[in-house]
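Everything on this sheet refers to the single structure shown next.
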Amino acid sequence: MAKKVVRAFCTLLVIIGLFSGCKKFEKQGHLKEPGIVLTFDDNKVDNWVDYLPLLDSAGVKATFYICKYNRFTSEQKNKLSIIQSHGHEIAFHTTNHYNMEDYVYKQKHTIDELMRCEVEAGLKMMNRDGFYPTTFAYPYGAHNGVFDKTLMRYFKSVRALNGTQDFSKSIVPTQNNDVLYGLGIDKSSKRSDADVISVLQSAKNNNTCAVFVAHEINTANKYSVTLERLLKIFSFVKANNLKYYTASQISD
Ligand SMILES: [Zn+2]
């Protein structure tokens, strides 16, 4: 009888062990899935909302860093809420889109003033309407370590721009990021499709995540990503089983 109890107890321990092992594996496997963070900056909701069906059809979950929310019409606020309801992240890109380094070092404002004007004021307005951004992108990518540190009081991560030819700066782990350097994919970036795909390939090979930045989708504006390029990205992502992460997801 005692032997039977011991045997049953041991079997139970083995089952518990296997189960917790599986859970652990699942979690690690999930976190290491290679992926892409597709981000869009500014206030182009009228344009973005038109492309929701395309983003949905490709299973994209993107991150929209919003600025100048104080100038949104109620129709535009509504469009932003529709974008959010499709599973995209609504993030923050300052109140007025000032160059933050100029605001402090040229125009001689304090960092406290900067935070009140360019962060707290805009955030408050968005919060009032049900948007709770947890990640931030710098206008023009203008940043420094002091700003990064100060902004961590409000956000999980900050995103600057990768203005270099060192694409590896835009390929990051799939978790725990605090400063991201997005690689521009608009026409203005002058990067080739091959460059963009090589960054995705590298993320795939290393179980990491590629961070891209665009503004408008498929317009005549030079700060716009072409439809052709987006479709190439979507098809590479699908063929290689990459995961769409939001900025918030890779900042935990
Ligand atoms: Zn911007």
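The sequence shown begins at 1 in the working numbering and counts up one residue at a time. Quick reminder that beta carbons are idealized off the backbone N, C-alpha and C, glycines included.
Discussion item. Let's see if you can read the secondary structure: which residues bound the beta strand (DSSP E) around GLY145?
Written reply: In the sequence shown, the residue the question calls residue 145 occupies position 145. Run containing GLY145: none in the beta strand (DSSP E); it sits in the alpha helix (DSSP H), 145 to 151.
Worksheet item: Alpha carbon to alpha carbon, how far is ALA160 from ALA58?
Response: If you number the sequence shown from 1, residue 160 lands on position 160. If you number the sequence shown from 1, residue 58 lands on position 58. Cα to Cα, ALA160 sits roughly 26 Å from ALA58.
Worksheet entry | Buried or exposed by the 16-neighbour rule on C-beta atoms within 10 Å, applied to ASN205 | Translated into positions along the sequence shown, residue 205 becomes position 205. It counts as exposed.
Worksheet item: What did DSSP end up calling VAL237 once you bin it into helix, strand or coil?
Response: Here residue 237 corresponds to residue number 237 of the sequence shown, with the count starting at 1. DSSP places VAL237 in helix when its eight states are reduced to three.
Practice prompt. Quick one: residues in its chain with C-beta nearer than 7 Å to the C-beta of GLU120, no 5 flanking neighbours on either side, listed in chain order?
Written response: Walking along the sequence shown from the start, residue 120 turns up at place 120. Nothing listed; no residue qualifies.
Worksheet item: How would you call ALA220, buried or exposed, if buried means at least 16 neighbouring beta carbons within 10 angstroms?
Response: The residue labelled residue 220 in the question sits at position 220 within the sequence shown. Note on ALA220: under 16 other CB atoms within 10 angstroms of its CB, so exposed under the neighbour-count rule.
Worksheet item: For LYS187, does the count of other Cβ atoms within 10 angstroms reach 16, so buried, or fall short, so exposed?
Response: The residue labelled residue 187 in the question sits at position 187 within the sequence shown. Within 10 angstroms of the beta-carbon of LYS187 lie 16 or more other beta-carbons, which makes it buried.
Worksheet entry | Proximity of THR134 and PHE147 at Cβ, strictly below 9 Å | Position 134 of the sequence shown, counting from 1, holds the residue named residue 134. Position 147 of the sequence shown, counting from 1, holds the residue named residue 147. PHE147 sits away from THR134, with the two beta carbons spaced by 9 Å or more.
Worksheet item: What do you reckon, is the C-beta of CYS117 under 8 Å from a heavy atom of ligand 1?
Response: Position 117 of the sequence shown, counting from 1, holds the residue named residue 117. Result no, Cβ not under 8 Å from ligand 1.
Worksheet item: Taking Cβ to Cβ, would you say ALA247 is nearer than 9 Å to VAL104?
Response: As a first step, residue 247 is located in the sequence shown; it is residue number 247 there, counting from the start. As a first step, residue 104 is located in the sequence shown; it is residue number 104 there, counting from the start. 9 Å or more divides the Cβ of ALA247 from the Cβ of VAL104.
Practice prompt. Could you have a look at ARG128 and say whether DSSP puts it in helix, strand or coil?
Written response: Within the sequence shown, the letter at position 128 stands for residue 128. Note: ARG128 maps to helix in three-state DSSP.
Worksheet item: Is it buried or exposed for GLY163, if we count other Cβ within 10 angstroms and need 16 for buried?
Response: For this step, residue 163 is matched to residue 163 along the sequence shown. With fewer than 16 other Cβ atoms within 10 Å, it is exposed.
Practice prompt. Report yes if the C-beta distance between ASP129 and MET152 is below 9 Å; otherwise report no.
Written response: Position 129 of the sequence shown, counted from the first residue, corresponds to residue 129. Position 152 of the sequence shown, counted from the first residue, corresponds to residue 152. At least 9 Å separates the beta-carbon of ASP129 from that of MET152.
Practice prompt. Would you mind stating whether LEU123 and PHE72 have Cβ atoms separated by less than 9 Å?
Written response: The sequence position of residue 123 within the sequence shown is 123, counting from 1. The sequence position of residue 72 within the sequence shown is 72, counting from 1. Not in contact: LEU123 and PHE72 (Cβ atoms no closer than 9 Å).
Practice prompt. Kindly list the residues whose CB is nearer than 6 Å to the CB of THR63, restricted to its own chain and excluding five residues on each side of it in sequence; keep chain order.
Written response: Counting from one through the sequence shown, the residue named residue 63 turns up at place 63. Hits under 6 Å: THR39, GLU89, ALA91, THR246 and ALA247.
Item to complete: Report the three-state DSSP secondary structure of SER198 (helix, strand or coil).
Response: By one-based count along the sequence shown, residue 198 stands at place 198. SER198: helix per DSSP, three-state reduction.
Worksheet entry | Buried/exposed call for LEU231, threshold 16 Cβ in 10 Å | Taking the first residue of the sequence shown as position 1, residue 231 is located at position 231. It counts as exposed.
Discussion item. Using the Cβ count rule (16 or more neighbours within 10 Å means buried), how would you classify LYS108?
Written reply: By 1-based counting over the sequence shown, the position of residue 108 is 108. Exposed is the call here.
Worksheet item: From the DSSP output, which residues share a beta bridge with GLU216?
Response: Walking along the sequence shown from the start, residue 216 turns up at place 216. Per DSSP, SER224.
Item to complete: Using the DSSP secondary-structure output, state which residues sit across from TYR65 in a beta bridge.
Response: Within the sequence shown, the letter at position 65 stands for residue 65. DSSP lists ASP41 and ALA91 as partners of TYR65.
Worksheet item: Taking the continuous beta strand (DSSP E) assigned at SER157, which residues delimit it?
Response: Position 157 of the sequence shown, counting from 1, holds the residue named residue 157. Where SER157 is concerned, the enclosing beta strand (DSSP E) stretches over 157 to 161.
Item to complete: For the beta strand (DSSP E) containing LEU242, list its first residue and its last residue.
Response: As a first step, residue 242 is located in the sequence shown; it is residue number 242 there, counting from the start. From DSSP, LEU242 is part of no beta strand (DSSP E); its letter is neither H nor E.
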